[in-house]
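In our numbering, the protein residues as written are 6 to 122.
Pasting the structure below:
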């Protein structure tokens, strides 16, 4: 992700404003854009694409017997994809909250914390 670039842009934007505040809305917007990006980057799946593929495969293969018996193959795939999207949205929600909290802490304590580059 582009957390380093975002931290630098937050520092430059805060120095322009003259305030020392963390721009939480900008960080959330950029983070959600990264988390909802295309799952295929170039020729290979990225980490989120792989996670979604694995979740979809598990959701499809672990369906109960009555779904396998009464649903068509297309209906089973559709149900598995809805389950996968629900899992992904919950992951994005929880990851966004924890990332915002961590980035806010790092921004507020950037002078006390020394990160070697």
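Using N, Cα and C, we set each Cβ at its ideal position, and we do this for glycine too.
These numbers come from a predicted model, not from an experiment.
**Asked** Do you know offhand how far residue 111's Cα is from residue 118's?
**Response** Cα-Cα distance, rounded: 8 Å.
**Request:** Specify, as a first and last residue, the run of the alpha helix (DSSP H) that residue 42 falls within.
**Result:** Where residue 42 is concerned, there is no enclosing alpha helix (DSSP H), because DSSP gives it neither an H nor an E.
**Prompt:** Is DSSP giving residue 36 helix, strand or coil here?
**Reply:** Looking at residue 36 - three-state DSSP - the assignment turns out to be helix.
**Request:** Alpha carbon to alpha carbon, how far is residue 107 from residue 27? Give it in angstroms, no decimals.
**Result:** Straight across, the Cα-Cα distance linking residue 27 with residue 107 is about 12 Å.
**Request:** Please report how far the alpha carbon of residue 34 lies from the alpha carbon of residue 78, in whole angstroms.
**Result:** So the two alpha carbons sit approximately 37 Å from each other.
**Item:** Proximity winner among 61, 62, 60, 85, relative to residue 72 (alpha-carbon distances)
**Value:** Comparing Cα positions, the closest option is 85.
**Item:** Local conformation of residue 68 per DSSP, three classes
**Value:** In the displayed model, residue 68 falls within coil according to three-state DSSP, outside both helix and strand.
**Delimiting residues of the alpha helix (DSSP H) encompassing residue 92** = According to the DSSP assignment, residue 92 belongs to the alpha helix (DSSP H) that extends over 78-113.
**Message:** For residue 74 and residue 63, I'd like the C-alpha separation in whole angstroms.
**Reply:** Cα to Cα, residue 74 sits roughly 18 Å from residue 63.
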